[in-house]
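All remarks here apply to the structure that follows.
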Amino acid sequence: MPDDLVLAAEFPTATTAEWRALVAKIVAKSGAEFSADAPEQVLASVTADGIPIEPLYLADPALELGLPGQAPYTRGRSANGNRTGWDVIARQAHPDAKVANEQALEDLAGGANSLWLVLGEGGTPIAELGTVLDGVLLDVASVTLDAGAEALAVGNAYLAMALEQRVPFEAMTGSIGMDPIGVLARTGETSLEREDVLAISALALKVAYAYRNMRSMTVDALVFHEAGATDAQELGAALATGVQYLRLLTEEGMPTGVAFSQLEFRYGATADQFATIAKLRAARRCWSRVAELSRLDGPTAGQRQHAVTSWPMTTRQDPWTNILRGTVAAFGACVGGADSITVLPFDAALGLPDPLARRIARNTPNLLVEESHIAKVVDPAGGSGYVEALTEALAQEAWKIFTEIEAGGGIMTALTDGSLADRIAAAREARLAAVADGSETVLGVNAFPPAGETLLERSPAPEPPGGGLPRIRWSQALEVSDGGR
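In short: position in the sequence shown from 1, add 1, done, that's the working numbering.
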């Protein structure tokens, strides 16, 4: 076969003008008014961040795509992508420690690689950490801790337990999960006095140099996502939080590159697959810019990402539709380059998930790896005119929000003075109104609700900490009015 063979040579080259003429004919049949110069604008839309979505995108030959594993890491943190699959993390928050342990072992035996343990308020009692991890091989299974205000004490207890079990330091992976700013966002309260900063930095230094495959800090942007933030608001707040943690660690003597290595970012993944893909790519691009401004050029500049399927998009009514939402969200997270993925069980909004829901949640990302083979391609969305344009626009908007937060005194100030809450509230109320009037569809709630549905019965789940930013679901008001509590 000749090297210069062009398979489309016998077909005429289509032009934008010809496409526009065909669009005009179709739009005219609909009766909609349109501009003769740009009839396609009838089909255009705008995201919640004000980013225009055009009907047609063409590849930009001037665009420098870069390469996976290289700055600005838009195309992925690693040159090889996730060729062996993603880290499938099972979330465990059962209030009964023995049940939590049984479920954790079942998760690990049934397809999960790692555990995400929610401890304290909203999860398993902190004192039962040893019970939850009984039988878990800490040199095999990765463990990420999520203990809120008690993260420091729980982190030290976890490392002490591993030391007692003589687990090799280098074999341990996961994260201690310290996130004091996240605690402030969720509860309205946090303690970052001088002694707290010293204790946090001391544990972070210990993890960085003794447990080289672990991380100590989590930038949990779910608190913003679950309050109704737009994608750019979520990224902007995450950037501001991450930068504050870099300051905290480096001011206590940690080298910049080591400080970057200690951070993991957690984002919400929604059923808007292209938005999810672009959000994760834009997050890496923006974080690479932070690294550049920090004069860091190395592998630790690549942002490590944990994507979690969106809580706000889940429904109590017709919960089976959540399986579809979770699958699309997981697909977007996979294609977007997340390092690890958690799919929330389809019945999570109803209470404590049952075994079937947990199994489907584990199997969803595994199916994308083993049967759909999504991991075989590195950055499959790279070069797409739409994805690249959306990534760039989202990165620009997120960076704008980040710089505004910084100019106002930083993330701590933005949370304590209410400015960030007000910004998110405006976006939240606009979207809730769209769901309420039906202009935004929620399948099974305001569109095609099942007649005479009886809600699934589940045991109540422990309430997460409150007092700060709200934790909402888009359909909750409509479900309440329909008796779906």
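C-beta atoms are modelled at their ideal positions from N, C-alpha and C, and glycine is treated no differently.
Nearest-angstrom Cα separation, counted from residue j out to residue i
i	j	result
Gly485	Ala222	The predicted model places Gly485 with a pLDDT of 40, which falls under 50 and marks its position as unreliable; any figure quoted below should be read in that light. Distance between the alpha carbons of Gly485 and Ala222: 28 Å.
Ser311	Gly131	30 Å
Leu236	Leu416	15 Å
Asp197	Gly112	38 Å
Ser482	Gly254	Model confidence at Ser482 stands at a pLDDT of 44, short of 50, so the residue's coordinates are unreliable; what they give is reported in the following sentence. Each residue's Cα considered, the two are about 55 Å apart.
Ile54	Gly468	36 Å
Leu59	Ala376	26 Å
Arg424	Met162	43 Å
Val344	Val309	6 Å
Val259	Thr301	8 Å
Tyr210	Ala203	11 Å
Asp232	Leu146	25 Å
Ile342	Ala390	25 Å
Ala382	Leu68	13 Å
Glu227	Pro461	20 Å
Glu293	Leu109	38 Å
Leu421	Asp180	18 Å
Leu44	Glu19	17 Å
Val184	Ala152	10 Å
Ala408	Lys401	10 Å
Asn129	Ser192	Reading off the sequence, residue 129 comes out as Glu, not Asn. Their Cα atoms are separated by approximately 24 Å.
Ala33	Pro56	16 Å
Leu479	Gly327	21 Å
Contact under 8 Å by Cβ, residue i with residue j
i	j	result
Asp340	His307	yes
Ala200	Gly178	no
Arg472	Gly352	no
Thr242	Ile182	yes
Val168	Leu139	yes
Ala334	Leu281	yes
Val494	Tyr246	The shown model of the chain, from 2 to 486, leaves out residue 494, and the question about it has no answer.
Val144	Ile127	no
Pro263	Met314	First, the amino acid is wrong: residue 263 is Gln here, not Pro. Taking 8 Å as the Cβ cut-off, Gln263 and Met314 do not qualify as a contacting pair.
Gly303	Arg78	yes
Ser476	Thr271	no
Ala1	Ala49	Nothing about residue 1 can be read from this structure; the chain reaches only from 2 to 486.
Whole-number beta carbon distance between residue j and residue i, since they are thought to touch under 8 Å
i	j	result
Arg213	Glu171	6 Å
Asp380	Gly439	Not a contact, Cβ separation roughly 37 Å.
Ala239	Phe266	6 Å
Ile52	Glu398	7 Å
Arg432	Gly229	6 Å
Val141	Leu106	Between Leu106 and Val141 the Cβ distance is about 12 Å, and since that is not below 8 Å, they are no contact.
Gly384	Leu66	6 Å
Ala330	Phe347	12 Å between Cβ atoms; not a contact.
Counterpart residues of residue i in DSSP-defined beta bridges
i	result
Arg267	Asp221 and His307
Val89	Ile342
Met215	Gly175
Ala448	Leu444
Thr125	Leu120
Thr404	Looking at the DSSP assignment, Thr404 forms no beta bridge with any residue, so it has no partner.
beta-carbon residue i near the ligand ZN non-hydrogen atom, thresh 7 Å
i	result
Gly384	The ligand ZN is absent from the structure shown, which contains no ligands of any kind.
| request: Say whether the segment 270-289 touches the segment 73-88, bearing in mind that this needs 3 or more beta-carbon pairs closer than 8 Å, one atom from each stretch. | output: yes
| query | Using 8 Å as the Cβ pair cut-off and three pairs as the minimum, do the segment 85-95 and the segment 360-369 touch? | reply | yes
| request: Check whether the segment 117-136 touches the segment 91-100, taking contact to mean three or more Cβ pairs, one atom from each stretch, closer than 8 Å. | output: yes
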